[in-house]
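**Q** Taken in sequence, the protein lines are chains X and H.
Residue 1 is where the first sequence starts when you use the UniProt record's numbering, and the numbers rise one by one after that.
Residue 1 is where the second sequence starts when you use the UniProt record's numbering, and the numbers rise one by one after that.
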Amino acid sequence: MPARPPPMTTIAKRAFGTSTPLQKGPHSARGAMSAWLSGPGAVFKQPTGEPQYISSYDRSTWERKDKDRNPDAFVQPYPFNRYFKSQPVLTDAFRNEIYARVKYRNLSIRQVSAALSVSIERVAAVVRLKQVEKEHVARGGRLSTFLTKALDQMLPVIDVPSSTDGKGRSGGGGAFEDIQELPIHSLAGRQVFVPTSESREFTRADAGKEFGLPAADVMVPHPDLVTLAKERFENVPLEERIVRQGERDRLEKRRREAENQRANERKRQKKVIEVGRWKWCLTEAETGKVGFRYGFPLPDRKKGHVKIPTHVS
Amino acid sequence: MRRKLYVLRKSKLRQSWSKYVLYNMSRAPQPRIPSQKTFFQQKWAAKAEVRHYHGEHLTNRQWQNIFRHTMKASVPMQNVRLALHNGSEMAMGRGSGLQGDEGYGRVKTVPYMSQLFWPMERRLDMAVHRAMFASSARQARQFVVHGFVKVNGKKMVHPGYMLNPGDMFSVDQDQVLFATGQPKRDLKNAEGVAAETDATEGEEKTEGEGGKVKAEAKEGEAVGDTEAKSVEKETEEPSPSPSPSESKQASTEGETEEEIRRREAKEKLKALSQDPNNVLDLTKPYATPWRPRNYLAPFAFIPRYLEVNHNTCHAVYLRHPVAKPGLAEAPSPYPEEVLQMAFAWYLRRR
């Protein structure tokens, strides 16, 4: 019987290890690494209750920098990219507060966003995520709360602001993010030369019209806050302002309800069948005008057709 | 894909939480563009440098197909300014406002070029890594390919799926805990912190449920050892598990603020094993009770375009990463000059 050939593959001793026990002397590259990891690098091994980035240390002496003198270094994960900062995340208590306000106090997402200074999309996402969490628990799933707790020890976090009364939002240091950020529209990317007379007052609305966009006052995520500020400068009494804001909220609510109704109507007209990962939305169609035609080749096996879906509904 | 990812001879940055990457980052020289070389060579060098980190497991063509020369940005607006002025004040005087740009204070530049890799961050595997669900971009890719990742509740096996604003993605919890937790290497690690905490709070452990499970999991003599130890401890000290507030009072003198914080963090980490969800389970692929892997803290950040819930390992891709005055949301370890040169490389024929 001939000797068995050596196996083509070897059984890995360590699944993902890249280290070999060879060349671990003090002068080898690996020796230098282990010396650094057990020396100045030891502070990075386990969380210390605050963000622990390499930039917050002097790279020659490995002493902690002065936090008052260069606070930016303490939130900069990459030492060479000063424009990327590790921004705080919401604590679990903050997320619960957002969820409670929307779910139990029936406040609109826009109101909660303005009151807590968290962007509209984020409030909506937090509510979605918390809803998923509740359903997960209801199904008997386990929560990895310990993972959240551990990450809180190494990420910059922001807790619920202490004075969160409905509308009176003072620009304190506890604001989570800037909620009045205007995304630059692609139409506004070009440069235009518009000659106007000197006597003409060329306002933001006029500028918007040149680009085919509404004025910035309207495009901003919270136009209501601009209106409120305007009314404050016009010395409108507080009661009157509250009444006006209530009226605006009511109109907004009605608009949203009408929109929902229209969407439901559209959904009702469609027939939806969910099978596994597929969701079939059936609509009325006439034969021969639309859809797959028998005997007509489908191009889906042709070269250059990307099969990765572009959206998941 | 290249076989060897982490090398020490040439320090390369990789999208990973490995200690090799940490060490390489600690000693890497400031990335510079060689100014004596030709423009083509400069672009080539910059492109080669940034591709060590960004989408290292992708072919050049895969990245070039999703490259966009347009960058997203947003401007912070002030309610008061919008309410007081209608915009015409910016054209007063000789056409640039009465005070010129000084009326707006020091305006920070918008680092558009640092946003070069924003389409890369739209990829599902990259988002999974950025949400801290996977320890590296490659592992994130593997999670997607192996079917552990869902997008909007549907299984998605394409790592190249480009997330749309509002998409919710989730990763199997066990896989996330495996990626972020201590590896299960030997029996000592498999038992987790339990062995360490034993000495301090022996009585709680042995009479609690966790103690029973642990006792089953361990070898007989090991149990005997720890029990003997805990008995010794009890006899030495009347209160083996001091409450956190008590210990704080006891040792606040002579400690700096940082030392106090570190001690508290250590206590909190120890308390992780007391979490009712964090139980000893030898069937898990990570060391149980779970505790964070080593050298995770220097890589820990969650960019603002994601909203992550680690309790269920779900995350929402809120919007595309944007550049703001003085801030770029797309994570990259490279300075703006290098990214700009790489941008110029990818811009050709476009």
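Note that the Cβ used here is the ideal one computed from N, Cα and C, for glycine as well.
(1) Measuring only between beta-carbons, confirm whether Ser332 of chain H sits less than 8 Å from chain X.
(2) Cutting at 6 Å between CB atoms, please list the residues of its own chain near residue 355 of chain H, excluding the five before and the five after it.
(3) Identify whether Trp278 of chain X lies in helix, strand or coil by the three-state DSSP scheme.
(4) Quick one: complete beta strand (DSSP E) runs, 3+ long, within the region 301 to 338 of chain H?
(5) Report yes if the C-beta distance between Arg200 of chain X and Leu318 of chain H is below 8 Å; otherwise report no.
(6) Which bits of chain X does Asn152 of chain H rub up against, with CB to CB less than 8 Å?
(7) In this structure, how does DSSP classify Glu234 of chain X when only helix, strand and coil are distinguished?
(8) Give the DSSP bridge partners of Lys154 of chain H, in chain order.
(9) Measuring only between beta-carbons, confirm whether Ala73 of chain X sits less than 8 Å from chain H.
(10) Would Phe343 of chain H count as contacting chain X if we go by Cβ distances under 8 Å?
(11) Express the C-alpha separation of Ala315 of chain H and Asn152 of chain H in angstroms, rounding to a whole number.
(12) Enumerated in chain order, which unbroken segments of the alpha helix (DSSP H) with a length of 4 residues or greater are wholly contained in the UniProt domain "RNA-binding S4" (122 to 185) of chain H?
(13) Using a Cβ-Cβ distance under 8 Å, would Gly212 of chain X count as near chain H?
(14) For Gln62 of chain H, which residues in the same chain have their Cβ closer than 8 Å to its Cβ, ignoring the five residues on either side in sequence?
(15) Using a threshold of 8 Å, state whether the C-beta atoms of Val75 of chain X and Pro51 of chain X are closer than that.
(16) Do Trp118 of chain H and Ala330 of chain H count as a contact pair if the criterion is CB distance below 8 Å?
(17) Could one say the Cβ of Lys303 of chain X lies closer than 8 Å to chain H's Cβ atoms, at least one of them?
(18) Going along the chain, which residues of the region 28 to 39 of chain X sit with their C-beta nearer than 7 Å to a C-beta in chain H?
(19) Looking only at C-alpha atoms, which of X:Lys230, X:Leu187, X:Met219 sits nearest to Gly212 of chain X?
(20) Per DSSP, which one or two residues make a beta bridge with Val157 of chain X?
(21) Please check if any C-beta of chain X sits within less than 8 Å of the C-beta of Thr288 of chain H.
(22) Can you tell me whether DSSP reads Ala285 of chain X as helix, strand or coil?
(23) According to DSSP, is Ala73 of chain H helix, strand or coil?
(24) Using the three-state DSSP reduction, which class does Glu247 of chain X fall into: helix, strand or coil?
(25) Given a threshold of 16 other Cβ atoms within 10 Å of its Cβ, counted over all protein chains shown, does Lys103 of chain X qualify as buried or as exposed?
(26) How do the region 92 to 108 of chain H and the region 260 to 268 of chain H stand: do at least 3 beta-carbon pairs fall below 8 Å, yes or no?
(27) His54 of chain H touches chain X at which residues, Cβ-Cβ below 9 Å?
(28) Using C-beta distances below 6 Å, list every residue in its chain close to Tyr346 of chain H, excluding the 5 sequence neighbours before and after it, in chain order.
(29) Are Ala150 of chain X and Asn79 of chain H close, meaning C-beta to C-beta below 8 Å?
(30) Compile a chain-ordered list of the residues in the region 127 to 145 of chain X whose CB is closer than 7 Å to at least one CB of chain H.
(31) Can you have a look at Ala179 of chain H and say buried or exposed, based on whether 16 or more other CB atoms are within 10 angstroms of its CB?
(32) Going by DSSP in three states, Arg94 of chain H sits in which element: helix, strand or coil?
(33) Decide if Val7 of chain H is buried, meaning its Cβ has at least 16 other Cβ atoms within 10 Å, or exposed.
(34) Could you list which residues in chain X have their beta carbon closer than 7 Å to that of Ala73 of chain H, in chain order?
(35) I'd like to know whether the C-beta of Glu203 of chain H is nearer than 8 Å to at least one C-beta of chain X.
(36) Rounding to the nearest angstrom, what Cα-Cα distance links residue 358 of chain H and Glu336 of chain H in this structure?
**A** This is what the structure holds:
(1) yes
(2) There is no way to answer for residue 355 of chain H, as the model of chain H reaches only from 1 to 350.
(3) strand
(4) 306 to 309, 314 to 317
(5) no
(6) Val312, Ser313
(7) coil
(8) H:Val151
(9) no
(10) no
(11) 10 Å
(12) 124 to 130, 137 to 145, 173 to 180
(13) no
(14) Gly55, Gly160
(15) yes
(16) yes
(17) no
(18) Ala29, Arg30, Met33, Trp36, Leu37
(19) X:Leu187
(20) X:Val89
(21) no
(22) coil
(23) strand
(24) helix
(25) exposed
(26) no
(27) Result: empty, since nearest Cβ-Cβ is about 12 Å, beyond 9 Å.
(28) Phe67
(29) no
(30) Arg128, Leu129, Val132, Glu133, His136, Arg142, Leu143, Ser144, Thr145
(31) buried
(32) coil
(33) exposed
(34) Ile184
(35) With a pLDDT of 38 at Glu203 of chain H, under the threshold of 50, the modelled position of that residue is not reliable, and no figure is offered here.
(36) Given that chain H is displayed from residue 1 to residue 350, the structure contains no residue 358 of chain H and the question cannot be resolved.
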